[in-house]
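Data block below; observations after.
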Amino acid sequence: MSDNVFEWKMKKGSEFGYLVVNENSGKWTMGWSSETPQIIQDIWYQGEDKDSGYSTFRDGIAQKLKEGFKAI
């Protein structure tokens, strides 16, 4: 079973999205969803090395902030 470890809702104008980190049996998936945090649409990292995943995830967060998204 997959569990979201982290969800962060963001907004830009009327557009919403979620930064999501989940873990399933030691496999990490990190990325962005514009619809629901249960389905990651834009996967930035998928693998077993959590540290590498978080490095990639930080880059994704920086990109979303550059695009004008703000945490809500």
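The opening position of the sequence shown corresponds to residue 93 in our numbering, with each subsequent residue numbered one higher. Glycine included, each C-beta is placed from N, C-alpha and C at the ideal position.
Below 8 Å on the Cβ atoms is my guess for I153 versus K101; work out the distance and round it to an integer in Å.
-> In the sequence shown, counting from the first residue as 1, residue 153 sits at position 61. In the sequence shown, counting from the first residue as 1, residue 101 sits at position 9. So it is not a contact: roughly 13 Å between Cβ atoms.
Taking C-alpha atoms, which residue in G118, T128 and S117 lies nearest to L111?
-> Residue 111 sits at position 19 when you count from the first residue of the sequence shown. When each option's Cα is compared against that of L111, the closest is T128.
Does the Cβ of G145 have 16 or more other Cβ atoms within 10 Å, making it buried, or fewer, making it exposed?
-> The residue you call residue 145 lines up with position 53 of the sequence shown. Flag for G145 reads buried.
So, helix, strand or coil for F161, using DSSP?
-> Along the sequence shown, read from residue 1 onward, the residue named residue 161 stands at position 69. Coil, per DSSP.
Are the Cβ atoms of G123 and D134 separated by less than 8 Å?
-> By one-based count along the sequence shown, residue 123 stands at place 31. By one-based count along the sequence shown, residue 134 stands at place 42. Yes, the Cβ-Cβ distance between G123 and D134 is below 8 Å.
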